[in-house]
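In the working numbering, the protein residues as written are -16 to 398. Glycine residues also receive a C-beta, built at the ideal position from the N, C-alpha and C atoms. Note sheet for the following structure.
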């Protein structure tokens, strides 16, 4: 029954199995039975504690990171290999040979982790006596050996599994293949990028394929970092006016990569924001105008001169303690008028040849209030007005630095 199921899976995966027209000395071992077992990892540590092997059905049961899937393979050796002791024919006391392939493939259109290749995957064929375990040969050419697959760790969870109800019950799935050969190099063509494990072998091989579904190991789940609350910079406002308390720059490392519009993501923290008055000449409680779309933004109307302190509390509903940050609002009777910057341009003082490049230097520009400056260069007419489209095409052409203190332009027309 087990082999019937295996044969069906092998047919679905399109494996190249040996045919009746093969030469006797090239015939591979023929599968008799395949049984699956699993050794469950208790600690998620490759060198930790494993439970004893129990029967495992990869079609219906889940493996976890670091678990060991053990495949017990029973095979019939070809007649010319005798099946006794060191074998015969072209065995050279090392054969038969096996090959394991394991390629992960995600669920399309859903954020999911990409599993690394199974650690025992290899393009080359290995000796069952060296790469397998518990190899034995019995009467009538019946041989048995165990093939252990250690499930590798991965990062993340499959979002389709976290839906309610879940669409799947796994995080990573593997399409796996085991090939058997009498030759150490049967000339198989492996093409992992195309998802085709074997595109044909020069010498006959036998084998089977199966799917392996894997879920994260609880002990390997990375810790959820607390959010970093950011209440924004301190402010100075005029009495009778309002101040905006902006906590939107709060950072949560667990949510990195999801994006604000990633509505299909179920594995990110939902942050709760709370503003509160701490101190000041009078108690003024913050008002959150849009708790649904802008829960981190609050507003306060301040009618008394003095210093106010407000505290932002951010809770990710995962960590035991929330994180906090405060902001100071200085309320003054009047705010000095802001004076405009003074632009200064250093430009060429002599004529420029057609096609020549000039450099305009605005680094001498200043602001009497010490405010930081931004720059934007554009060419105007004699009165400082905007050029027409035709004039722009015939004027100096910008080469670099339109938003920098220094800008380069090229003359394209005399005048």
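Would you check if the distance between the CB atom of residue 342 and the CB atom of residue 387 is smaller than 9 Å? no
Around the C-beta of residue 367, are 16 or more other C-beta atoms found within 10 angstroms, so that it is buried, or is it exposed? exposed
Taking just the CA atoms, how far does residue 246 sit from residue 22? Separation of residue 22 and residue 246 (C-alpha to C-alpha, rounded to the nearest whole angstrom) is 37 Å.
Is it true that the CB of residue 285 sits closer than 9 Å to the CB of residue 389? no
For residue 122, which three-state DSSP category applies? helix
Confirm, please, whether the CB-CB distance from residue 173 to residue 103 is below 9 Å. no
Does DSSP put residue 373 in a helix, a strand or coil? helix
Reducing DSSP to helix, strand and coil, say where residue 387 ends up. coil
In DSSP terms, what residue 14 is bridged to: 58
Below 7 Å CB to CB, which residues in the same chain sit around residue 370 once its five sequence neighbours on both sides are set aside? 362, 363, 364, 378
Excluding sequence positions up to five away, which residues of its chain have a Cβ less than 7 Å from the Cβ of residue 350? 324, 356
If contacts are defined as beta-carbon pairs under 8 Å, then residue 311 and residue 217 qualify, I think. What distance do you get, rounded to the angstrom? Going by Cβ atoms, the distance from residue 311 to residue 217 rounds to 4 Å, so yes, they are a contact pair.
Just checking, does the region 76 to 93 make contact with the region 158 to 168 on the three C-beta pairs under 8 Å criterion? Flag = yes, the region 76 to 93 and the region 158 to 168 touch.
Specify whether the region 291 to 303 and the region 192 to 210 touch according to this definition: at least 3 beta carbon pairs, one from each stretch, less than 8 Å apart. Result yes; three or more Cβ-Cβ pairs closer than 8 Å.
Exposed or buried, what is residue -13 when buried is set at 16 or more other beta-carbons lying within 10 Å of its beta-carbon? Only weak support exists for where residue -13 lies, its pLDDT of 39 falling under 50; the coordinates are left without a value.
Three-state class that DSSP yields for residue 237 in the structure shown: helix
Do residue 157 and residue 215 have their CB atoms nearer than 9 Å? no
With a cut-off of 8 Å on the beta carbons, I'd call residue 401 and residue 225 a contact; round off their distance for me. Here the chain has residues from -16 to 398 only, and residue 401 is not among them.
Taking CB distances under 9 Å as the criterion, tell me whether residue 291 reaches chain B. In the structure shown, chain B does not exist; there is a single protein chain.
So residue 249 and residue 138 are supposed to be a Cβ contact under 8 Å. How far apart are they, rounded? At roughly 16 Å, the Cβ-Cβ gap does not stay under 8 Å, so residue 249 and residue 138 are not in contact.
Who are residue 20's beta bridge partners in DSSP? According to DSSP, residue 20 bridges with 38, 53.
Since I believe residue 134 is in contact with residue 52 (beta carbons under 8 Å), could you give me their beta-carbon distance rounded to a whole number of angstroms? 7 Å
Once DSSP output is grouped into helix, strand and coil, what is the label at residue 0? Low confidence applies to residue 0: its pLDDT is 45, below 50, so where it sits in the model is not reliable, and the reading given next is rough at best. In this structure, residue 0 counts as coil in the three-state DSSP scheme.
Using CA atoms only, rank isn't needed, just tell me which of 25, 306, 358, 44 is closest to residue 195. 44
Is residue 15 near residue 59, with beta carbons less than 9 Å apart? yes
Mark residue 98 as exposed unless 16 or more other C-beta atoms lie within 10 angstroms of its C-beta, in which case mark it buried. Counting Cβ neighbours within 10 Å, residue 98 comes out buried, since at least 16 surround it.
Kindly indicate which three-state DSSP category residue 104 falls into: helix, strand or coil? Residue state, collapsed to three classes: coil.
Grouping DSSP H, G and I as helix and E and B as strand, with all else coil, what is residue 381? strand
Hey, residue 345 and residue 316 are a contact pair by Cβ (cut 8 Å); roughly how many whole angstroms apart? That belief does not hold up - the Cβ atoms of residue 345 and residue 316 are roughly 36 Å apart, past 8 Å.
Alpha carbons only, please: which of 148, 187, 198 is nearest the one belonging to residue 136? 198
Given the structure, does residue 250 come close to the ligand HEM, in the sense that its CB is under 8 Å from one of the ligand's heavy atoms? Inclusion of the ligand HEM in the displayed structure is not the case, the ligand content being empty and no account of it being possible.
Using beta-carbon positions only, say whether residue 89 and residue 155 come within less than 9 Å of one another. In this structure, residue 89 places its C-beta atom within 9 Å of the C-beta atom of residue 155.
7 Å CB neighbourhood of residue 184 in its chain, flanking five on each side removed: Excluding its 5 nearest sequence neighbours in each direction, residue 184 has C-beta neighbours in its own chain below 7 Å: -1, 169, 170, 171, listed in chain order.
Going by beta carbon distance, what residues of the same chain come within less than 8 Å of residue 152, once the five residues before and after it are set aside? 45, 144, 196, 198
Tell me the rounded alpha-carbon separation between residue 319 and residue 348. 22 Å
DSSP three-state label for residue 163, please. strand
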